Amino acid sequence: MELKRSLNTFDSISVLFSSMVGSGIFFTSGYLIKETGNLWIVLFCWIIGGFLALSGSITYAYAARLLPFAGGDYVYLKVAYSPAIAFMSGWSSLLTNFSACVSVLALAFGKYVQILFPELPYFETPTYTFLGLDLQVSSTTLIGILPILFFSVLNYFGIKSAVRVQNVFAVLKITGLLLFLALGFSIGSTHWAYLFESPFPNVLELSFYSKVLIGIVPVSFSYLGWNMITYIAEEVKQPEKTIVRSAITACFLVAGLYFAINLLFVISAPIGELAGQDGIGAIAFQKLFGSNYSILTTSFIAWVILGSMSAILIGGSRVYFAMARDGVFLPSFSKVHPKWHSPYVSIFFQAFVAILFLFVKEIEALLYMITCSILILSCLTAATPFRFEKMGMKSDYKIPLYPLPIFLYIFANIAVMVILFVEKPITASWGLMITFIALPVYYLFRLDKKMVSKQLP
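Position 192 (the sequence shown) corresponds to 192 in full-length UniProt numbering; numbering is contiguous.
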C-alpha cells in the first residue's frame, strides 16, 4: 500500500520550519560559547551553519525531484550507489539522526518542565559508564517519555492530522519568536558592550578555523531538519514544485531567525553567565525582561521544543518504512494502516528507540554523536547529482552555482568530522560505530532472506 499525497506548500514549509527550529537554538549556543570563548566566532558559526544548510537543501532537492518517494537519503543512496550504503543511512537514521534527535529534544523539554515546576520532587540515580558513555535514570528521563508517546500516537492517526497540529505549533512558534525579537531589541535590557568585550578574531590564525569547525558541530544540530521534506516527499502534492520551493524558503527563514536570536542572546548577559549553560535561552529571557516573565518565556521554549519533536517524529518513521518495503528490514515495518495511511509499526518502534536514548546523561554527548553519524553519509548523498547524471538520470531542476554548493557542503562536512574526532574522540567514535555496524546487520538481513526463499516450495 502506498502513502497518500496530502501535503501542500504551506504544510511542507511548516514541517521543515518546525523540524529545524527546536530546542537547539535555546541551548547549543551555551556549549558554543564555552568551546570557542568568543562571541564573534559564535555569530559567525551561525551564519556558516545557515549557508551550509542552504547548500545542502538545494543539493538534496536535485535527488528529491528525481525520486519523490518516502525515505530521503535512503532512497537516493540506494539508486546512486548500492542497497548496502543506503541501509547504512537508514540504520543511522533509526539510531541517531532521528531517534537520538528526538531524545535530545525530550531531555531539553524535561529540563524546562523542571524549571517551570521546581517544587515537584525530582530524582537522579547514580551514573553508570558504558564504553565511555554516561548513562542515568532521572526525572528528566521520565518526563521526556511523555511527549514522545503523545506525538507517536498522534502520527498513528495519519500524517494529515499530525501536520494540522504541526501547523499550529509552527504558526505560534514563529509568531512568538518574532515577538521575542521585536520586544528584545526594542524594550529589552540589552548591552552591546557585552559583544564588544570579545576581541575580534584574527582570521589569519589557525586557532580561529579550528574553533569555527568545532563550533559548527552544535550549530549543525540546530539546523538539522533542512532535508526533512525529502523524507516525506511521497506525501507531498506536486513534488516537482513544492520540494525545492519549501526547502529554500525554510532555510532562508530559519537562518535569518537564528542569527537575530543569537545576536540578542549575546547582548543580554556577560559571556561568563552564558558559557556552558543548558538553558541559555531562559537566561537571556530573564536578563532581557526580568524574572517576572520567566514562567511565560520558559513555557514558550517548551512549546518550541515540542513542535520540533513532532516534526522529526513525522519524518523519521518514513525511512524505516522505505527500508522494510525494499525487503532490507523487518517486513512489519512496511505496514500501512488501512484507514489512517500511516506506517504505524515504524512510528512506534522509532518511539521505543528514542526512549532508550533518554538514558544518556548529557545532551552534549548526544549532540556530537548525532552530528558525526549524519556527516559521514550526507557527503555521499550530496554527491548523488554527479552519480545520477553519469547514470543518465537528469532533472529539469538546476542547482544554483552548480557544482560549487556540492563541493562546499562536502568539504565543510569532512573538515568538521576531522575536528570532531580530534576534540571529541569518544562521542565521535560512537557515531562512527553506530554507522558502520549497519553493514553486518544488512548482510544478515540479506542472508536470512535468501535462506527463507530457498525453503519455500
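Glycine is no exception: its CB is placed at the ideal position from the N, C-alpha and C atoms.
Since the model is a prediction, treat every value here as computed from it, not as a measurement.
Exercise for the section: For E197, count neighbouring C-beta atoms within 10 Å of its own C-beta (all shown protein chains included) and say buried if the count is 16 or more, exposed if not. Expected result: exposed
Handout entry: Sequence ranges, alpha helix (DSSP H) only - wholly within the segment 208-241, length at least 4
Key = 228-231
Practice task
Please report the residue range of the alpha helix (DSSP H) in which W125 lies.
Solution key: Just to set this straight, residue 125 is Thr in the shown sequence, not Trp. That residue, T125, is in no alpha helix (DSSP H); it is neither H nor E in DSSP.
Problem - Cβ-based burial, E119 [other Cβ within 10 Å; buried from 16] - result: exposed
Problem - With 16 other Cβ atoms within 10 Å as the buried cut-off, status of S246 - result: buried
Exercise for the section: Give the C-beta separation of K287 and S268 to the nearest angstrom, bearing in mind that I take them to be a contact with Cβ-Cβ under 8 Å. Expected result: 4 Å
Exercise for the section: Report yes if the C-beta distance between W91 and A438 is below 8 Å; otherwise report no. Expected result: yes
Practice task
Find out if the Cβ-Cβ distance for the pair T435, A63 is shorter than 8 Å.
Solution key: no
Exercise for the section: Could you check what DSSP says for S138 in three-state terms: helix, strand or coil? Expected result: strand
Practice task
Determine the burial state of residue 458: buried for a count of at least 16 other Cβ atoms within 10 Å of its Cβ, exposed for fewer.
Solution key: There is no way to answer for residue 458, as the model of the chain reaches only from 1 to 457.
Problem - W46: CB within 7 Å of a non-hydrogen atom of the ligand NAP - result: This structure lacks the ligand NAP, and indeed carries no ligand of any kind.
Problem - Reference S346; option with closest CA among F357, F359, V319, A61 - result: Of F357, F359, V319, A61, the smallest CA-CA separation from S346 is found for V319.
Problem - Residue closest to G315, alpha-carbon to alpha-carbon, out of L43, C45, D73 - result: D73
Problem - L7 (DSSP reduced to helix, strand or coil) - result: Strand.
Handout entry: Alpha-carbon to alpha-carbon, K390 and A106
Key = One C-alpha to the other measures close to 43 Å.
Handout entry: Whether M369 touches T129 by CB criterion (8 Å)
Key = Note that the C-beta distance between M369 and T129 is not below 8 Å.
Problem - CA-to-CA distance, L204 to S89, given in whole angstroms - result: Looking at the two C-alpha atoms, the distance is approximately 37 Å.
Problem - Which of helix, strand or coil DSSP assigns to V360 - result: strand
Exercise for the section: Look up Y395 in the DSSP assignment and say whether it is helix, strand or coil. Expected result: The sequence as given places Ser at residue 395; Tyr does not occur at that position. Of the three classes helix, strand and coil, the one that applies to S395 here is coil, per DSSP.
Exercise for the section: For R164, count neighbouring C-beta atoms within 10 Å of its own C-beta (all shown protein chains included) and say buried if the count is 16 or more, exposed if not. Expected result: exposed
Exercise for the section: Select from F352, I41, L444 the residue whose C-alpha is nearest the C-alpha of L195. Expected result: Considering only alpha carbons, the answer is I41.
Problem - Backbone CA spacing between S12 and G158 [nearest angstrom] - result: 15 Å
Handout entry: CB-CB length for V15 against I248, believed under 8 Å
Key = In this structure, V15 and I248 do not form a Cβ contact; the two beta carbons are roughly 15 Å apart against a cut-off of 8 Å.
Exercise for the section: Can you tell me which of P218, I85, V75, R5 puts its alpha carbon nearest to the alpha carbon of L43? Expected result: P218
Problem - Pair within 8 Å by beta-carbon distance, I271 and F27 - result: Note that the C-beta distance between I271 and F27 is not below 8 Å.
Problem - For residue 460, the nearest candidate out of S6, Q114, Y60, Y76 (CA to CA) - result: Outside the displayed range of the chain (1 to 457) lies residue 460, so it cannot be described from this structure.
Handout entry: Distance, M433 Cα to A84 Cα
Key = 16 Å
Exercise for the section: Note the first and the last residue of the continuous alpha helix (DSSP H) segment covering N167. Expected result: 159-187
Handout entry: Whole-angstrom distance between L94 and V137, CA atom to CA atom
Key = 22 Å
Handout entry: Own chain partners of R446 with C-beta closer than 8 Å, once the 5 adjacent residues on each side are dropped
Key = V328
Problem - A260 versus T36 - alpha carbon distance - result: 19 Å
Handout entry: Counted within 10 angstroms of its Cβ, other Cβ atoms place P239 as buried (16 or more) or exposed
Key = buried
Exercise for the section: Going by CA-CA distance only, name the one from I47, G30, V79, A61 that's closest to G392. Expected result: V79
Handout entry: Straight-line Cα distance separating I374 from Y223
Key = 12 Å
Practice task
Specify the secondary structure class of F445 as computed by DSSP and reduced to three states.
Solution key: helix
Practice task
Leaving aside the five residues before and after P199 along the sequence, list all residues of the same chain whose C-beta is less than 6 Å from its C-beta, in chain order.
Solution key: none
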